[in-house]
Each structure stands twice: as C-alpha cells, then as structure tokens.
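Q: At position 378 of the sequence shown the residue is numbered 384 (our numbering), and the sequence of numbers has no breaks.
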Amino acid sequence: MAERRIKRFTTILLLFLLPLVSCLQEDKEEFSFNYTPETLEVFLVNMTRDYPSITSLEVIGHSRSGRPLYALVVSGNPGVLEREPRIRLVGAIHGDEIITTQWLALFIEYLLKNYETDSRIQSLVDGRCLVFIPMLNPDGVARGWRYNAGIVDLNRNFDEHWTLDYDHGTGPFSEPETAALRDYSVGEMRFHLSLSYHAGSVVVNMPFDYGRESEGIYPAEQTMVEYFAKAYATSGGFLQTPGLMGGYYVDQGTINGGDWYVITGSLQDWSYMKSGCLDYTVEMSRGNPETPEGMRQYFLYNRDALLAYAEEAGRGLCGRVTESGTGLPMAGVRITVPGGDLAVYTDSEGYYHRLLLPGSYDITFQKSGYSDKTLTGVTIPDSKVPVVRDVQM
Ligand SMILES: [Zn+2]
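#1: Hey, is the region 343 to 357 in contact with the region 313 to 329, meaning 3+ C-beta pairs nearer than 8 Å?
#2: By a C-beta neighbour count over all protein chains shown, 10 Å radius and 16 as the cutoff for buried, is VAL208 buried or exposed?
#3: From SER69 to ALA77, what does the alpha carbon distance come to, in whole angstroms?
#4: Quick one: what's got a C-beta closer than 8 Å to ASP368's C-beta in the same chain, skipping five residues either side?
#5: With distances taken from CA atoms, which of PRO392, VAL288 and TYR57 is nearest LEU117?
#6: Just checking HIS359 against ligand 1 - is the residue's beta carbon closer than 7 Å to any of the ligand's heavy atoms?
#7: Cutting at 6 Å between CB atoms, please list the residues of its own chain near GLN398, excluding the five before and the five after it.
#8: Just to check, is the beta-carbon of HIS174 closer than 7 Å to a non-hydrogen atom of ligand 1?
#9: CB of ILE99 to nearest heavy atom of ligand 1: below 7 Å?
#10: Could you give the uninterrupted runs of the beta strand (DSSP E) lying entirely in the region 315 to 367, keeping only those of 3 residues or more?
#11: Is the closest heavy atom of ligand 1 to the C-beta of GLU103 under 7 Å?
#12: Identify the continuous alpha helix (DSSP H) that holds ASN120 and give its terminal residues.
#13: With a threshold of 7 Å on Cβ separation, who are the neighbours of TYR224 within its own chain once the five nearest residues in sequence on each side are excluded?
#14: Please return the same chain residues whose Cβ sits closer than 8 Å to the Cβ of THR17, not counting the five positions on each side in sequence.
#15: Cα separation between MET230 and TRP266?
#16: When the distance is taken between beta carbons, is GLY271 closer than 8 Å to PHE113?
#17: Would you mind giving the Cβ-Cβ distance between VAL96 and SER202, rounded to the nearest angstrom? I have them listed as a contact below 8 Å.
#18: Just the Cα atoms here: how many angstroms apart are LEU160 and LEU245?
#19: Does DSSP put ASN77 in a helix, in a strand, or in coil?
#20: My output table needs one value for PHE197: the three-state DSSP class, helix, strand or coil.
#21: Taking the CB atoms as reference points, tell me whether PRO173 and ARG162 lie closer together than 8 Å.
#22: Quick check: does the Cβ of GLY206 come within less than 7 Å of any heavy atom belonging to ligand 3?
#23: With DSSP as the reference, identify every bridge partner of PHE135, one or two as the case may be.
#24: Per DSSP, ARG149 forms a beta bridge with which residues?
#25: Is THR385 helix, strand or coil when you go by DSSP?
#26: Taking 7 Å as the limit between beta carbons, can you name the residues of its chain near MET336, skipping five residues before and five after?
In structure tokens:
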C-alpha cells in the first residue's frame with residue numbers, strides 16, 4: 007500500500023515539475039552545487055524518474071511554513087520492508103549548513119549513477135536500505151539561518167534530556183520537523199544506524215551530548231559506539247579534511263559529544279536512547295564551500311567514509327519475529343543484550359537488526375502480553391554479513 011502511495015505521489019509531482027526540470031538541466035553544474043528547497047525537490051524527483059527500480063520518494067511531513075520534508079529511499083527493493091540494515095542520513099537540520107544537503111545529493115547521485123557498473127555499490131544498495139533526508143529544515147535553508155521558522159534549533163528539540171531554553175521549543179517535538187522525523191523513525195520502519203551532518207567543525211561527534219564522558223556519562227555500549235564512529239572517521243579521506251578538530255578528548259577524529267560541549271534534546275541522543283538506532287553527528291566542514299570544486303573536495307573527503315560505514319551496518323544479528331501459532335509478524339518487540347543500553351525494536355513486518363561486535367551474546371526478546379524469549383550464547387563472527395536468527399514468541 008505504501009509503495010502505491012509513493013508512486014502515485016511521484017507521478018503527480020512529476021507532472022507539475024517537468025517544465026521546471028528541463029529549464030534547470032541547462033544549469034546542471036550550478037544547480038547541483040547550490041540547493042534550495044525547490045531545487046532539491048526537482049533533484050529528488052529527477053532521481054526517482056531516472057532510477058525507478060532502486061528509489062522511492064516519500065513526504066514524511068511538512069515544515070512549520072508548510073514545505074514538504076522529503077525522504078529518498080535507495081535500496082534494491084524500495085517501498086518494501088525487507089530483512090536488511092536500514093541507515094538514515096540527515097542533512098540541513100541547521101538551515102545555514104547547506105553543504106550537508108549538497109553532499110548528500112552528490113552521494114545519492116554517485117550511488118545511482120554507478121549502481122549498474124560498480125559491484126561494490128550494487129551489493130551495498132541491494133543489501134541495505136539507505137534513507138536520505140537531505141534537508142530536514144527547508145524553512146531555515148530558505149531564510150539562510152540555523153533555526154526553523156519557529157526560531158527553534160531543531161537539534162535541541164528531541165525528547166532525550168530536553169530542557170527549556172529560548173531556542174529549544176516549547177516542549178520536546180514541539181516542531182513539525184522533529185515530530186515528522188520521530189514518526190518516520192519509529193513507525194512502520196525502524197533504523198539501525200544513522201548519521202546527521204553538520205558544518206561547524208570537522209569531527210565525528212558521538213553519543214551522548216547531554217553529559218561528559220570525562221565525568222562518567224557515556225553509553226553502556228561505549229566500545230561499540232566508538233567502533234562505528236571510527237569506522238566512519240578512519241575510512242576514506244575524512245581525516246584529511248581541512249580544519250580537522252584536535253584536542254585532548256579527540257580520538258582519531260571522534261569525540262564524545264558532551265566532552266566537546268554539552269547540549270540537551272539532540273537527535274543522536276534521542277535516536278540511541280529512545281529509537282534503538284546508533285546515530286552520530288558528523289561535523290563535516292567548518293562552513294560552506296564557495297565553489298562547485300570546493301564542494302567536490304568535501305564529497306571526496308566523505309564518500310569512502312560513508313560507503314565503509316554503510317557496509318559496517320551489516321555487523322550483528324538479524325531476523326524476523328513471528329507469533330507462534332499464527333505465524334504473523336510481530337511489530338515493536340524489544341531486543342536487548344545484558345548490560346547493554348541500546349534497545350532495538352522489530353519493524354511492522356517483524357524484522358530486526360541488532361548491531362553487535364564479534365563475541366558471544368545472550369539476546370532477549372520482549373513484548374507485553376508475551377513470555378520473554380532469550381537466545382543464549384549466540385556467536386557473532388567478525389563479519390559484515392549478519393547472523394540470521396528468526397524467533398517465535
Ligand atoms: Zn549544525
């Protein structure tokens with residue numbers, strides 16, 4: 007049903023936008039460099055038109071001023087939930103950090119154009135579900151400022167250690183943009199690994215933002231959190247990016263968020279604690295590049311890092327949880343490991359993916375109204391291909 011809805015939407019949008027598309031194609035260089043909410047829309051529609059078998063476009067909500075918030079799914083079978091790691095990639099939470107949208111658009115184009123001919127990209131797209139939300143704050147982009155149209159910093163408006171302040175909103179998820187991202191991330195679909203991009207420095211910022219690791223506030227699964235952050239920071243050219251952050255708490259291009267500076271209500275803290283998704287804030291540049299060539303350089307600093315990171319998402323355990331007797335998929339089953347604090351959940355089709363580093367684990371499945379189920383001594387090898395275990399409850 008969802009698939010049909012998306013296709014119908016895409017067709018309607020195409021009819022409206024085709025005249026605009028042909029006039030913009032003449033200025034492709036400039037167009038692909040400097041996105042506005044309107045040109046991004048054209049770009050995303052173009053991509054779904056040119057690569058219909060591996061893309062689908064969704065509107066996940068609207069901004070405070072009514073602009074659509076787009077999510078582009080890139081996967082071997084888009085529009086259908088499958089047993090595969092799902093990776094969410096978000097840009098322009100801060101409207102003045104437009105490089106983040108440009109970068110995600112370039113990466114989308116790179117994946118789609120090379121899918122047929124590059125076996126690495128083909129297996130990545132076929133084996134993962136990549137969901138791009140290149141511009142979460144279109145009102146801020148249109149105004150050229152950090153905040154949304156309600157003068158709220160969206161990266162302070164999520165429901166994890168949210169605090170009241172002049173730019174944090176009237177409450178957690180008071181803003182339509184953050185509420186839309188929440189509903190999309192804990193609805194039919196679940197995400198397992200994600201990144202949001204910013205342009206204030208160059209560093210991979212790890213959970214938690216709300217407290218300092220140096221003062222004892224850090225995730226219980228800190229080893230895993232550091233592993234995936236370094237998988238991004240140390241792959242490809244990221245550590246060569248000009249302006250790379252140094253300092254006492256920086257480790258191979260990564261830093262605990264709070265040790266840099268404490269913030270409350272951030273996306274990555276909410277993702278980790280409330281949605282079961284391992285999420286990082288990637289500061290990819292100190293400001294926006296001024297030329298297409300400058301933009302291309304930032305693309306190259308991050309391209310192989312993101313490819314490697316998305317491949318790493320295969321680590322761990324996956325499967326499908328069904329109800330014994332009926333065989334129906336079970337949504338919202340909570341999956342934990344002893345001593346861990348990352349609780350993941352099954353999606354609406356009963357699929358789960360639990361990131362784990364190599365080792366032996368007891369894994370518990372819980373849902374109210376059902377007896378708990380524990381898989382004991384599951385061995386996770388050093389592999390980016392997940393171990394598969396289907397479970398009945
Ligand atoms: Zn930012």
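For each residue, glycine too, the CB sits at the ideal point set by N, CA and C.
A: Let me lay it out:
#1: yes
#2: buried
#3: 13 Å
#4: VAL343, PRO344, THR380, LEU381, THR382, GLY383 and VAL384
#5: TYR57
#6: no
#7: THR328 and SER330
#8: no
#9: yes
#10: 323 to 328, 340 to 342 and 357 to 360
#11: yes
#12: 105 to 120
#13: PHE214 and ASN262
#14: Any reading at THR17 must be qualified, since the residue scores a pLDDT of 40, below 50, and its modelled position is unreliable; the value itself is stated next. No residues qualify anywhere along the chain.
#15: 20 Å
#16: no
#17: 4 Å
#18: 28 Å
#19: Here residue 77 is Ala; the residue named in the question, Asn, does not match the sequence. ALA77: strand per DSSP, three-state reduction.
#20: coil
#21: Sequence check: residue 173 is Asp here, not Pro. Yes, they are a contact pair.
#22: As far as ligands go, the structure on display features ligand 1 and does not contain ligand 3.
#23: Checking the sequence, you will find Cys at residue 135 rather than Phe. For CYS135, which the question treats as bridged, DSSP gives the partners SER81 and ARG92.
#24: Note: ARG149 sits in no beta bridge, so no partner.
#25: strand
#26: VAL327, THR328, GLU329, THR352, GLY356, LYS373 and MET399
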